[in-house]
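**Student:** Using our numbering, you'd call the opening residue of the sequence shown number 1 and step up by one each time. By construction, the Cβ of each residue, glycine as well, lies at the ideal position given by its N, Cα and C atoms. First the structure, which I've put down as structure tokens, then a few questions once you've had a look.
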Amino acid sequence: MSGNLLNIVEQIMSSVSKLAYLLNDDKEYAEEAIERFKDMLEEHIDEVGEDAFCESFHEGFLGYSLASFIDEAQIGNSFSVDWKDTESALDWLGDALELEGIKIDIDYSVDDPVNELDARQIFVRSNQQLQSLGYSLLGFDTGDDSYREILLPSDSVDQFIQIALEINVEMDLNDTEEE
Numbered sequence: 001m002s003g004n005l006l007n008i009v010e011q012i013m014s015s016v017s018k019l020a021y022l023l024n025d026d027k028e029y030a031e032e033a034i035e036r037f038k039d040m041l042e043e044h045i046d047e048v049g050e051d052a053f054c055e056s057f058h059e060g061f062l063g064y065s066l067a068s069f070i071d072e073a074q075i076g077n078s079f080s081v082d083w084k085d086t087e088s089a090l091d092w093l094g095d096a097l098e099l100e101g102i103k104i105d106i107d108y109s110v111d112d113p114v115n116e117l118d119a120r121q122i123f124v125r126s127n128q129q130l131q132s133l134g135y136s137l138l139g140f141d142t143g144d145d146s147y148r149e150i151l152l153p154s155d156s157v158d159q160f161i162q163i164a165l166e167i168n169v170e171m172d173l174n175d176t177e178e179e
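In structure tokens, the structure reads:
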């Protein structure tokens with residue numbers, strides 16, 4: 001592993017560790033999530049090669065992959081749905097709320113959210129109402145045709161975004177229905 005690659009990996013793992021401990025009271029779980037992320041990162045480096053990985057990081061493109069890895073490693077209470085799968089968006093959101101113990105009947109202002117709204121509208125309208133309960137639903141910018149969302153306490157949002165930006169992971173605040 002070259003010195004440049006080692007520095008990048010250390011920076012990424014430092015940020016991911018901060019995210020894992022920010023989002024998880026269970027330190028053992030956080031450590032397991034960090035290990036899952038590290039394994040995915042190493043596999044990604046092997047697939048693309050060290051030079052391409054370093055170039056991607058320096059050009060700011062690696063954030064898309066890292067956002068996916070954060071979700072897949074279960075660093076926090078996150079989920080992914082296809083951009084047009086409204087039913088799954090509602091189901092996964094319901095599961096995330098249940099995992100946090102949040103009891104809320106979200107008012108989507110339509111009779112049939114599955115058929116009258118798209119996934120983005122569901123996430124924005126949910127986020128607006130969740131904030132009154134002290135939670136936020138943020139979206140990872142992954143550059144693909146799916147949504148990767150994460151549910152976290154609102155008082156962690158600023159710190160979460162700051163840490164994510166350290167590794168070029170951009171977040172969508174789910175504050176407007178238009179992209």
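Rounded to whole angstroms, how far is the Cβ of Phe160 from the Cβ of Leu152, which I believe are closer than 8 Å?
**Tutor:** 6 Å
**Student:** In this structure, how does DSSP classify Asp82 when only helix, strand and coil are distinguished?
**Tutor:** The answer is strand: DSSP assigns Asp82 an E or B state.
**Student:** May I have the straight-line CA-CA distance separating Leu66 from Gln11, to the nearest angstrom?
**Tutor:** 12 Å
**Student:** Would DSSP call Gly63 helix, strand or coil?
**Tutor:** helix
**Student:** Using 10 angstroms around the beta-carbon of Ala20, count the other beta-carbons present and answer buried if the total reaches 16, otherwise exposed.
**Tutor:** Of the other Cβ atoms in all chains shown, 16 or more fall within 10 Å of the Cβ of Ala20; this residue is therefore buried.
**Student:** Under a CB-based cut-off of 8 Å, is Gly76 close to chain C?
**Tutor:** The structure shown has no chain C; it contains just one protein chain.
**Student:** Tell me, to the nearest whole angstrom, how far the beta carbon of Ile104 is from that of Leu133; I am working on the premise that it is less than 8 Å.
**Tutor:** That pair is a contact at about 6 Å.
**Student:** Of the choices Tyr135, Ile70, Ile102, whose alpha-carbon is the least far from that of Asp39?
**Tutor:** Ile70
**Student:** Can you check which of these residues, Phe37, Asp26, Leu5, is closest to Ser15 by C-alpha distance?
**Tutor:** Phe37
**Student:** Hey, quick one: how far does the alpha helix (DSSP H) through Leu165 stretch, first residue to last?
**Tutor:** 157 to 166
**Student:** Does DSSP classify Leu173 as helix, strand or coil?
**Tutor:** coil
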